[in-house]
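What follows is a set of notes on a single structure, which appears directly below.
Numbering (our numbering), first residue to last: 508 to 655.
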């Protein structure tokens, strides 16, 4: 049996990768805004957050944090929720670059940020240069669609 080591991804830019494509997230999530600094453990690794950041909960118990300064750009409230209130939010239809990675890997969410750990077949997501996330294949298939 051959043991494969986790590949640490650095200096990645999917804009220049012919195997990457644009996808749109189509999901409604539950959000609570953090009252104090803390850390939660997502399926992909630790997510440190600051007071005011969004703590997002999705299907299957998936949880992650989104910095407050990025949240309003990425999500919109579902009525009767108002922006900034705990409640339901819809992902805005903003294309992200995504690429399926066929080996175990890790990548920093952002420069100096938490390291996420992907399994073979997980999808690497690039929201902007130097801003990354990842999704397991099953979750990716449920909540992302290819952009037109």
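Don't be surprised by glycine CBs; every beta carbon is placed ideally from N, CA and C.
Boundaries of the beta strand (DSSP E) around residue 546: 545-549.
In this structure, the CA atom of residue 592 is about 20 Å from the CA atom of residue 566. In the three-state reduction of the DSSP assignment, residue 642 falls in the strand class. Residue 527 carries a coil assignment under DSSP once its states are collapsed to helix, strand and coil. Around the beta carbon of residue 568, fewer than 16 other beta carbons lie within 10 angstroms, which makes this residue exposed. Going by C-alpha positions, residue 547 is about 8 Å away from residue 570. Separation of residue 622 and residue 610 (C-alpha to C-alpha, rounded to the nearest whole angstrom) is 16 Å. Taking a 10 Å sphere around the C-beta of residue 601, we find fewer than 16 other C-beta atoms and assign the residue as exposed.
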